[in-house]
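Novice: Numbers given in full-length UniProt numbering equal positions in the sequence shown, counted from 1, plus 16.
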Amino acid sequence: YAKFANVPKNLQSRTPPYAKLLANLEKVKKITNNTPLTLAEKILYSHLCDPEESLTSSNLEDIRGKEYLKLYPDRVAMQDASAQMAMLQFMTTGLPDTAVPASFHCDHLIVGKNGEAKDLPSSIETNKEVFDFLESCGKKYGIQFWGPGSGIIHQIVLENFSAPGLMMLGTDSHTPNAGGLGAIAIGVGGADAVDALTHTPWELKAPKILGVKLTGHLSGWSAPKDVISKIAGMLTVRGGTGYIVEYFGEGTSTLSCTGMATICNMGAEIGATTSTFPYQDAHKRYLQATGRGPIAEAADVALNEYGFLRPDKGAQYDKVIEINLSELEPHVNGPYTPDLSTPISKYAETSLKEKWPQNISVGLIGSCTNSSYQDMSRVVDLVQQAAAAGLKPKIPFFVTPGSEQIRATLERDGIIQIFKDNGAKVLANACGPCIGQWDREDVPKATNEVNSIFTSYNRNFRARNDGNRNTMNFLTSPEIVTAMIYSGNAQFNPLTDAIKLDNGKEFRFQAPTGDELPQKGFEHGRDEFYPDLEPTSNADVEIKVSPESDRLQLLYPFDAWSGKELKTTALMKVEGKCTTDHISAAGVWLKYKGHLENISYNTLIGAQNKETGEVNRAYDIDGKGYDIPGLMMKWKEEGRPWTVIAEDNYGEGSAREHAALSPRFLGGQIILVKSFARIHETNLKKQGMLPLTFADAADYDKITAGDILETLNLVDMVAKDGNNGGFLDVKVTKPDGTSFIIKTKHTMSKDQINFFKAGSAINYIGNIRRA
Ligand code: F3S
Numbered sequence: 017y018a019k020f021a022n023v024p025k026n027l028q029s030r031t032p033p034y035a036k037l038l039a040n041l042e043k044v045k046k047i048t049n050n051t052p053l054t055l056a057e058k059i060l061y062s063h064l065c066d067p068e069e070s071l072t073s074s075n076l077e078d079i080r081g082k083e084y085l086k087l088y089p090d091r092v093a094m095q096d097a098s099a100q101m102a103m104l105q106f107m108t109t110g111l112p113d114t115a116v117p118a119s120f121h122c123d124h125l126i127v128g129k130n131g132e133a134k135d136l137p138s139s140i141e142t143n144k145e146v147f148d149f150l151e152s153c154g155k156k157y158g159i160q161f162w163g164p165g166s167g168i169i170h171q172i173v174l175e176n177f178s179a180p181g182l183m184m185l186g187t188d189s190h191t192p193n194a195g196g197l198g199a200i201a202i203g204v205g206g207a208d209a210v211d212a213l214t215h216t217p218w219e220l221k222a223p224k225i226l227g228v229k230l231t232g233h234l235s236g237w238s239a240p241k242d243v244i245s246k247i248a249g250m251l252t253v254r255g256g257t258g259y260i261v262e263y264f265g266e267g268t269s270t271l272s273c274t275g276m277a278t279i280c281n282m283g284a285e286i287g288a289t290t291s292t293f294p295y296q297d298a299h300k301r302y303l304q305a306t307g308r309g310p311i312a313e314a315a316d317v318a319l320n321e322y323g324f325l326r327p328d329k330g331a332q333y334d335k336v337i338e339i340n341l342s343e344l345e346p347h348v349n350g351p352y353t354p355d356l357s358t359p360i361s362k363y364a365e366t367s368l369k370e371k372w373p374q375n376i377s378v379g380l381i382g383s384c385t386n387s388s389y390q391d392m393s394r395v396v397d398l399v400q401q402a403a404a405a406g407l408k409p410k411i412p413f414f415v416t417p418g419s420e421q422i423r424a425t426l427e428r429d430g431i432i433q434i435f436k437d438n439g440a441k442v443l444a445n446a447c448g449p450c451i452g453q454w455d456r457e458d459v460p461k462a463t464n465e466v467n468s469i470f471t472s473y474n475r476n477f478r479a480r481n482d483g484n485r486n487t488m489n490f491l492t493s494p495e496i497v498t499a500m501i502y503s504g505n506a507q508f509n510p511l512t513d514a515i516k517l518d519n520g521k522e523f524r525f526q527a528p529t530g531d532e533l534p535q536k537g538f539e540h541g542r543d544e545f546y547p548d549l550e551p552t553s554n555a556d557v558e559i560k561v562s563p564e565s566d567r568l569q570l571l572y573p574f575d576a577w578s579g580k581e582l583k584t585t586a587l588m589k590v591e592g593k594c595t596t597d598h599i600s601a602a603g604v605w606l607k608y609k610g611h612l613e614n615i616s617y618n619t620l621i622g623a624q625n626k627e628t629g630e631v632n633r634a635y636d637i638d639g640k641g642y643d644i645p646g647l648m649m650k651w652k653e654e655g656r657p658w659t660v661i662a663e664d665n666y667g668e669g670s671a672r673e674h675a676a677l678s679p680r681f682l683g684g685q686i687i688l689v690k691s692f693a694r695i696h697e698t699n700l701k702k703q704g705m706l707p708l709t710f711a712d713a714a715d716y717d718k719i720t721a722g723d724i725l726e727t728l729n730l731v732d733m734v735a736k737d738g739n740n741g742g743f744l745d746v747k748v749t750k751p752d753g754t755s756f757i758i759k760t761k762h763t764m765s766k767d768q769i770n771f772f773k774a775g776s777a778i779n780y781i782g783n784i785r786r787a
């Protein structure tokens, strides 16, 4: 593996450790008798702490979806909202620095309203305490600090850190964006990030592999966004659960690197563990354009001499779907769920049938999903076509660049000016309206009137963008959003329809064209937005957390398990969709991410009570009503542990660990549901909760709020180290004293049982480190 030593020093920490990975892969191949592996398996298994210990079978069928893998990721990225809790947890371990390179990205806490000049200073002022906290953590522990205005975590990761064969964790659910550059990048909670940061094996149930075969090539209006929009429609928000999505087929070589990133980004919307692409020329071009040519050379060696970075011939996928890119038409997904997918040719008719608003009120493009040079150059082509015809946008139009590098490049190439000249508002390089930081003026939050927005973002749960539950967010490509702003009407199909001009003539858009990469290369941008890429730790740096602060609060360990069966009361039965936005709302609550007590006042406030139909309402034993966190707090004070009952895909959406931390903090012990979203189930286990699923989903109907739920064989299950999953009997006692037993399922591994016993994963890691 001598050739891998040629990478220059300044890129070494950003180059996947190919020599080590290939040596590990050789061991894996021996264990699996040279069974052909998918690309995802190659990358994942090459990061096993100890292949001999992890892979107990030579048969991949016995591993996928069954074995727990113990992995050492190469890198960690954290966004400002989730990094606070990750760091507060890391601090409790008492370690002096991080075991792997890591970075902070201040992107979620920046308001989108008036553009960078006004929004950035006001956001910095509002969040100064948090940014200062993260900056001092960066200095103390040697973590890169990408400050406010530097850009969105996933764009910066793609531009600087992602690489073919890398494995990284990110404390954000759209971390899979990095898979667009051939990495395995997984969205996790802060406690998982702490595993990687402390060189504690990070555990993941070996995912199954969903192969997506791409044939043909995109043309005209169709964009990479449409690939994943279509897949979301085919597979639904649950279709990817337990899977890594691996793209293959000749169509993969026709996509740009940033286009592949868009596709991987939104793999989170189908619940996939992550998504990835095989190493392509487009990856090489992107690495070269972003100053990482030597990493591409190392990747070439890994591919050409060792067959890494692409699947083995004959590799088997658990499922395969096929998309012909040549036949793909633009799609519009929404409202309120990313899997309600409508081809553009059907949108007008469907919008009438479904009574969606016919007037579109705002168009927003950019975000981590769609702010590449290719996206923006295609969009600006449309803006210029419209401008040449004398057309102006009919509705407000917002543009969010993903990073300082992309913004500076767009500015140098005149694209920002064209946007501004044509009425667009260019916001700071940050998440802004994508995560409820949109200080929206055109529609009041409290209105009951439904309005419709078109965005090139990735997620469209109720109230996500502007805090208004009546805003219908339709997700589509930046090209379609842009064309729609010139009509402002849902009946307009830019592929076929004309817009009437003031002079009586008709204007039709031509299909957009653009450049994959900037012809003059990327522009570096303003220096103040770049951190030291090789920071070192400094034990002398003091991290201050004021006891008076309402933004930050030091953590105190949760109680260890008592060693006895759990006896809880059913606090409420949640009806229908319950995402992490319902469990731990964002928007105004984002500012309390580092203060567990304060943020816990948002727990489940978006959830609907199955028994009464009310949102954020639960009832005490005596029938008195409370808001949900209010009742949780009351029961916590009374020493009444509780269970929440819910339906399918509970915790769908983001990696938000507060959705697990807050229930635990407020005295919850069990979450019993029909099914879980993967990240959330893991987060619950990490915080010492017991996540259970109904063995028979019909039992959901037999339980009502106020019932007593007692585990019957938890002690035995713990004694057997969880057995990597199994059944747990729960006795349900009704208020009238009648009782029955239901079967539930758990998926606890040996390590997760240890978290449960210690009270949380952090308690467990801390115990080991101190010993
Ligand atoms: Fe930020 Fe929205 Fe992406 S919140 S990280 S721009 S999904």
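By construction, the Cβ of each residue, glycine as well, lies at the ideal position given by its N, Cα and C atoms.
Go ahead and label Phe-756 buried or exposed: buried means 16 or more other beta carbons lie within 10 angstroms of its beta carbon, across all protein chains shown.
Specialist: Numbered from 1 along the sequence shown, position 740 holds the residue referred to as residue 756. Label assigned to Phe-756: exposed.
Novice: Beta-carbon within less than 7 angstroms of Thr-529's beta-carbon, same chain only, minus the 5 sequence neighbours each way: which residues are those?
Specialist: The residue labelled residue 529 in the question sits at position 513 within the sequence shown. Excluding residues within five positions, the ones whose Cβ falls inside 7 angstroms are Arg-394, Asp-397.
Novice: Quick check: what's the CA-CA separation for Glu-427 versus Thr-142?
Specialist: Indexing the sequence shown from 1 puts residue 427 at position 411. Indexing the sequence shown from 1 puts residue 142 at position 126. Distance between the alpha carbons of Glu-427 and Thr-142: 28 angstroms.
Novice: According to DSSP, simplified to helix, strand and coil, what is Arg-394?
Specialist: What you label residue 394 is simply residue 378 of the sequence shown in a count that begins at 1. Residue state, collapsed to three classes: helix.
Novice: Is Gln-100 near ligand 1, with its Cβ less than 7 angstroms from a heavy atom?
Specialist: Numbered from 1 along the sequence shown, position 84 holds the residue referred to as residue 100. With a threshold of 7 angstroms, the Cβ atom of Gln-100 does not count as near ligand 1, since no heavy atom of the ligand is closer than that.
Novice: Tell me which residues share the same chain as Arg-254 and place their Cβ nearer than 6 angstroms to its Cβ, disregarding the 5 neighbours each side in the sequence.
Specialist: The sequence position of residue 254 within the sequence shown is 238, counting from 1. Excluding sequence positions up to five before and after Arg-254, its CB lies within less than 6 angstroms of the CB of Gly-287, Asn-665, all in the same chain and listed in chain order.
Novice: Regarding Arg-475 and ligand 1, is the C-beta to nearest heavy atom distance less than 7 angstroms?
Specialist: If you number the sequence shown from 1, residue 475 lands on position 459. At least one heavy atom of ligand 1 is nearer than 7 angstroms to the Cβ of Arg-475, so yes.
Novice: Check the DSSP bridge columns for His-121 and list the partner residues they point to.
Specialist: Start at 1 with the first residue of the sequence shown, and residue 121 comes out as number 105. His-121 is bridged to Gln-95, Trp-162.
Novice: Around the Cβ of Gln-374, are there at least 16 other Cβ atoms within 10 angstroms (buried) or fewer (exposed)?
Specialist: Walking along the sequence shown from the start, residue 374 turns up at place 358. The residue is exposed, with fewer than 16 neighbouring Cβ atoms inside 10 Å.
Novice: Short check: CB of Ala-714 to CB of Lys-761, under 8 angstroms?
Specialist: Indexing the sequence shown from 1 puts residue 714 at position 698. Indexing the sequence shown from 1 puts residue 761 at position 745. Their beta carbons are not under 8 angstroms apart, which means Ala-714 does not touch Lys-761 by this criterion.
Novice: Tell me whether Ile-769 sits in a helix, a strand or coil according to DSSP, three-state version.
Specialist: Within the sequence shown, numbered from 1, the residue matching residue 769 stands at position 753. Helix at Ile-769.
Novice: Using the three-state DSSP reduction, which class does Asn-445 fall into: helix, strand or coil?
Specialist: The residue you call residue 445 lines up with position 429 of the sequence shown. Correct three-state label for Asn-445: coil.
Novice: How should Glu-285 be labelled, buried or exposed, when 16 other C-beta atoms within 10 angstroms of its C-beta is the threshold for buried?
Specialist: Here residue 285 refers to the residue found at position 269 when the sequence shown is read from its first residue. Around the beta carbon of Glu-285, 16 or more other beta carbons sit within 10 angstroms, so the residue counts as buried.
Novice: Where does Gln-453 land, buried or exposed, given buried means 16+ other C-beta within 10 angstroms?
Specialist: Numbered from 1 along the sequence shown, position 437 holds the residue referred to as residue 453. Counting other Cβ atoms within 10 Å of its Cβ, Gln-453 reaches 16 or more and is therefore classed as buried.
Novice: Would you tell me roughly how many angstroms separate the C-alpha atoms of Asp-455 and Lys-144, rounded to the nearest one?
Specialist: For the purposes of this step, residue 455 is taken as the residue at position 439 of the sequence shown. For the purposes of this step, residue 144 is taken as the residue at position 128 of the sequence shown. Rounded to the nearest whole angstrom, the C-alpha separation of Asp-455 and Lys-144 is 19 angstroms.
Novice: Taking Asp-657 and Leu-582 to be in contact with their CB atoms under 8 angstroms, please state how far apart those CB atoms are, rounded to whole angstroms.
Specialist: For the purposes of this step, residue 657 is identified with residue 641 of the sequence shown, where counting begins at 1. For the purposes of this step, residue 582 is identified with residue 566 of the sequence shown, where counting begins at 1. Checking the sequence, you will find Pro at residue 657 rather than Asp. Yes, Pro-657 and Leu-582 are in contact; Cβ-Cβ is about 7 angstroms, under 8 angstroms.
Novice: What is the DSSP secondary structure of Asn-625, reduced to helix, strand or coil?
Specialist: Within the sequence shown, numbered from 1, the residue matching residue 625 stands at position 609. Strand at Asn-625.
Novice: Is Cys-450 near ligand 1, with its Cβ less than 7 angstroms from a heavy atom?
Specialist: For this step, residue 450 is matched to residue 434 along the sequence shown. Answer for Cys-450: yes, Cβ within range of ligand 1.
Novice: Would you tell me roughly how many angstroms separate the C-alpha atoms of Arg-485 and Asp-597, rounded to the nearest one?
Specialist: On the sequence shown, residue 485 is found 469 positions in, with the first residue counted as 1. On the sequence shown, residue 597 is found 581 positions in, with the first residue counted as 1. Cα to Cα, the separation comes out at about 12 angstroms.
Novice: Helix, strand or coil, according to DSSP, for Val-731 in the structure here?
Specialist: For this step, residue 731 is matched to residue 715 along the sequence shown. Three-state DSSP puts Val-731 in a helix.
Novice: When burial is assigned at 16 or more other CB atoms within 10 Å of the CB, is Pro-112 buried or exposed?
Specialist: For the purposes of this step, residue 112 is taken as residue 96 along the sequence shown, with counting starting at 1. With fewer than 16 Cβ atoms within 10 Å of its Cβ, Pro-112 is classed as exposed.
Novice: Looking at Cys-280 and ligand 1, is the gap between the Cβ and the nearest heavy atom below 7 angstroms?
Specialist: Taking the first residue of the sequence shown as position 1, residue 280 is located at position 264. Answer for Cys-280: no, Cβ out of range of ligand 1.
Novice: Which term fits Arg-567, buried or exposed, when burial requires 16 or more other beta carbons within 10 angstroms of its beta carbon?
Specialist: Your numbering for residue 567 matches position 551 in the sequence shown. Around the C-beta of Arg-567, 16 or more other C-beta atoms lie within 10 Å, and the residue is accordingly described as buried.
Novice: If you measure from the beta carbon of Gly-309 to each beta carbon in chain D, is any gap under 8 angstroms?
Specialist: Of the chains in the structure shown, none is chain D; there is only one protein chain.
Novice: Is the beta carbon of Asp-96 sitting closer than 8 angstroms to the one on Leu-53?
Specialist: Your numbering for residue 96 matches position 80 in the sequence shown. Your numbering for residue 53 matches position 37 in the sequence shown. No. Outside cutoff.
Novice: Could you please give me the residues that DSSP links to Glu-726 through a beta bridge?
Specialist: Counted from its first residue, the sequence shown places residue 726 at position 710. Answer is Lys-583, Lys-747, bridged to Glu-726.
Novice: Please specify which runs of the beta strand (DSSP E), each continuous and at least 3 residues long, are wholly inside the segment 547 to 621, giving them in chain order.
Specialist: DSSP runs (the beta strand (DSSP E)) wholly in the segment 547 to 621: 583 to 589.
Novice: Below 7 angstroms, is the gap between the Cβ of Asp-123 and the nearest heavy atom of ligand 3?
Specialist: The model depicted lacks ligand 3 and carries ligand 1 instead.
Novice: Applying the criterion that 16 or more other CB atoms from any shown protein chain within 10 Å of the CB defines a buried residue, is Gln-768 buried or exposed?
Specialist: In the sequence shown, counting from the first residue as 1, residue 768 sits at position 752. That one is buried.
Novice: Which residue wins for smallest C-alpha separation from Tyr-17, given the options Lys-82, Val-317, Leu-230, Phe-435?
Specialist: Along the sequence shown, read from residue 1 onward, the residue named residue 17 stands at position 1. Checking every option, the nearest Cα to that of Tyr-17 belongs to Val-317.
Novice: What is the residue span of the alpha helix (DSSP H) that residue 854 lies within?
Specialist: The structure shown does not extend to residue 854, since the chain spans only 17 to 787, so no value can be given for it.
Novice: Do you know whose CA, among His-611, Arg-475, Pro-24, lies nearest Glu-564's CA?
Specialist: Here residue 564 refers to the residue found at position 548 when the sequence shown is read from its first residue. Selection His-611, Arg-475, Pro-24 evaluated against Glu-564 yields His-611 as nearest (Cα-Cα).
Novice: Going straight from the alpha carbon of His-190 to that of Val-204, what length do you get?
Specialist: Translated into the one-based positions of the sequence shown, residue 190 becomes position 174. Translated into the one-based positions of the sequence shown, residue 204 becomes position 188. Near 10 angstroms, if we compare the C-alpha coordinates of Val-204 and His-190.
Novice: Determine which residues share a DSSP beta bridge with Trp-218 and list them.
Specialist: To locate residue 218, count along the sequence shown from 1; it is residue 202. Paired residues: Leu-87.
Novice: So what does DSSP say about Ala-506, is it helix, strand or coil?
Specialist: Counted from its first residue, the sequence shown places residue 506 at position 490. DSSP places Ala-506 in coil when its eight states are reduced to three.
Novice: Going by beta carbon distance, what residues of the same chain come within less than 8 angstroms of Gln-105, once the five residues before and after it are set aside?
Specialist: The count along the sequence shown starts at 1 and reaches residue 105 at position 89. For Gln-105, where only same-chain residues beyond five positions count, the Cβ hits under 8 angstroms are Gly-206, Ala-207, Val-210, Leu-571, Ile-778.
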